[in-house]
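What the sequence shown shows, in the working numbering, is residues 2 to 420, in sequence order. Worksheet: one structure, shown below.
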Amino acid sequence: MPVILSVRGMRDLLPEDTAHWQAVETTAAACFARYGYAEIRTPMVERTALFCRQLGEHTDVVQKEMYSFIDAGGEELSLRPEATVPTVRALVENGLRRGGLERVWYGGPMFRRERPQKGRYRQFWQLGAEAVGVADPVIDAEQIIMLAQLWNDMGVQDKLCLVVNNLGTADERAHHREKLRTHFRHHESQLDDAARARIDGNPLRILDSKNKSVQEVVNTAPLLANELGTASQQHVASVKNMITGAGIDFVEDTTLVRGLDYYNLTVFEWVLKDDSRRQSTLCGGGRYDGLSEQIGGPALPGCGFALGLDRLAALVDKASHPAPTCYLVTTGGSDSYCTTVAEQLRKNGLSVWRHVGGGNLARQLKKADAMNTALAVIVGTDEESAGEVTLKRLCDGEQQQVLTSRVAETAAMMMIQTG
Ligand code: AMP
2 MPVILSVRGM RDLLPEDTAH WQAVETTAAA CFARYGYAEI RTPMVERTAL
52 FCRQLGEHTD VVQKEMYSFI DAGGEELSLR PEATVPTVRA LVENGLRRGG
102 LERVWYGGPM FRRERPQKGR YRQFWQLGAE AVGVADPVID AEQIIMLAQL
152 WNDMGVQDKL CLVVNNLGTA DERAHHREKL RTHFRHHESQ LDDAARARID
202 GNPLRILDSK NKSVQEVVNT APLLANELGT ASQQHVASVK NMITGAGIDF
252 VEDTTLVRGL DYYNLTVFEW VLKDDSRRQS TLCGGGRYDG LSEQIGGPAL
302 PGCGFALGLD RLAALVDKAS HPAPTCYLVT TGGSDSYCTT VAEQLRKNGL
352 SVWRHVGGGN LARQLKKADA MNTALAVIVG TDEESAGEVT LKRLCDGEQQ
402 QVLTSRVAET AAMMMIQTG
């Protein structure tokens, strides 16, 4: 029988990975909490319509990457490709609970049918945060400062750099798109088929074409920066002032548009400085003031970001996998006595790996050693009849026979003695 393997682009996280991931998640949750962000958990399945217009009909995510299906009841549903839209939906549906400004964070798997490669998967994990309810640039700056703090907490601050851009308002962008269309139509003969097909739908996508002749047309295209009004300019200038004041370096990049359609004003990305890695964006975010209304909610400005946990976990140094404290070895002790001893140790906070599969004492102790365990707990017939166990410290062979009632206390003492 051929082995049934996992689905392409979807991978297993083994215990040594999950221990590392949990450490990263715990650090992030603690950092977000210091800024007043509370955790929200939304479903992994949503109505397909929730994503289509909000992410953008012409984006790759909506056009080719969604895992969509018709449910038995005839409803069109999709696995979530991201969690900003679901989070805003949840806040609209349940109402803002904290005085007109909600700060929430989330973590969990997202699904996009992209071409898999290192750092890019079809099921990947994101951690993100959203602040919904106010349009103040203080929020945008606070999130960027919070992320800079998170990189410090993770020890990766020197590996990343911040890129910022101003996307203006929806009206300013519409105006710019119209100018782009005119420009590209004017130079249509220099465009390739892919670029030509995008003029009407999403001319912005032409800006990142890799074709040399298209790039020449792009180089002389009208800039969004020239369409921005005073209010838009002041908003992002104020964000930049605050982050500069917090000691955060950044570069401005007018080509940073972000993949999804709902953004306006401030957008930012944290990218790996070592861009020899192909998937170099670790985190992206920005303001989305029109999103709530687009999904039928009240006018609720918002700002948020998402970071790729697969990529962050790969960047953070892995702490060594903690070994169990005690390895329980049996040389004739009964199963029920061994269980009693193991539970006694666990109740006192020690971790116990119970040997299974037989073998003589030497073989079992070898396994205990291989696992890097501190103590072997030896349960033989003599020990059992005396209501005792033998504790053997594996680093120096020191051993003591003690009553079961004193096993946890003695084990703790023997570990302290070796530091
Ligand atoms: P986005 O929601 O596209 O703005 O992505 C935010 C972050 O999620 C990116 O910067 C990546 O770190 C991560 N990410 C997005 N797509 C993938 C993917 N297919 N595989 C792994 N990580 C991803």
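Positions of the beta carbon are idealized from the N, C-alpha and C atoms, including for glycine. Note that the coordinates shown come from a computational prediction; the quantities given were computed from them, not determined experimentally.
Less than 8 Å separates the beta-carbon of Arg199 from that of Arg206. Judged by the Cβ position, Leu283 qualifies as a neighbour of ligand 1 at the 7 Å threshold, a heavy atom of the ligand being closer than this. An exposed status is given to Thr340, since fewer than 16 other beta-carbon atoms sit within 10 Å of its beta-carbon. Ligand 1 has no heavy atom closer than 7 Å to the beta-carbon of Gln216. Checking the 7 Å criterion, the Cβ of Glu26 is out of range of every heavy atom belonging to ligand 1. Per the Cβ contact rule, the region 181-190 is not in contact with the region 39-52 (fewer than 3 Cβ pairs under 8 Å). According to the DSSP assignment, Tyr328 belongs to the beta strand (DSSP E) that extends over 327-332. Here Phe269 is near Leu163, since their CB atoms are less than 8 Å apart. Within the model, the alpha-carbon separation for Phe125 versus Leu310 is close to 8 Å.
About 7 Å separates the Cβ atoms of Gly129 and Trp106, confirming a contact at the 8 Å cut-off. For Gly305, there is no enclosing alpha helix (DSSP H); the residue is part of the beta strand (DSSP E) that begins and ends at 303-309. Exclusion of the five residues before and after Val63 leaves Phe52, Cys53, Leu56, Gly57 as the residues of its chain whose Cβ lies within less than 7 Å of its Cβ. Between the region 68-81 and the region 141-153 there are fewer than three inter-stretch CB-CB distances shorter than 8 Å, so the stretches are not counted as touching. Going by DSSP, Ala247 is part of no alpha helix (DSSP H) at all; its letter is neither H nor E. The C-alpha of Ala315 is placed about 37 Å away from the C-alpha of Met414. When distances are taken from the beta-carbon of Gln127 to the heavy atoms of ligand 1, the shortest one is below 7 Å.
Per DSSP, Leu273 lies in no alpha helix (DSSP H); the unbroken beta strand (DSSP E) holding it starts and ends at 265-273.
In this structure, Cys304 sits near Gly287, with a CB-CB distance shorter than 8 Å.
Proximity of the region 234-250 to the region 205-224 falls short of the contact definition, fewer than three beta-carbon pairs being nearer than 8 Å. If the five residues before and after Gly360 are omitted, its C-beta is found closer than 6 Å to no C-beta atom of its own chain. Residue state for Glu47 is assigned as strand, using DSSP reduced to three classes. Set against 7 Å, the gap from the CB of Ala307 to the closest heavy atom of ligand 1 is smaller. If you ignore the 5 residues before and after Leu376, its C-beta comes within less than 8 Å of the C-beta of Thr326, Cys327, Tyr328, Leu392, Lys393, Arg394, Leu395, Ala412, Met415, Met416, all in its own chain and listed in chain order. With 16 or more neighbouring CB atoms inside 10 Å of its own CB, Asp141 falls in the buried class. Under the rule that a run must span 4 or more residues, the alpha helix (DSSP H) segments found entirely inside the region 336-398 read 336-348, 362-371, 382-387.
Gln402 is bridged by DSSP to Thr391. When DSSP states are grouped into helix, strand and coil, Arg35 belongs to the helix group.
Glu173 and Ala24 have their C-alpha atoms roughly 43 Å apart.
With contacts defined as CB atoms closer than 8 Å, Met45 and Pro82 fail to qualify as a contacting pair. Taken from the Cβ of Arg312, at least one heavy atom of ligand 1 lies inside 7 Å.
Ranked by Cα distance from Lys274, the options Phe251, Thr19, Arg355, Pro302 are led by Phe251.
Annotation for Tyr122 indicates a beta carbon within 7 Å of some heavy atom of ligand 1. For Glu131, the CB stays at least 7 Å from every heavy atom of ligand 1. Tyr107 is bridged by DSSP to Gly129. When Val89, Gly350, Glu179 are compared, the shortest CA-CA separation from Glu410 is found for Gly350.
A Cβ-Cβ distance of about 4 Å is found for the pair Pro117 and Gly10, placing them in contact under the 8 Å criterion.
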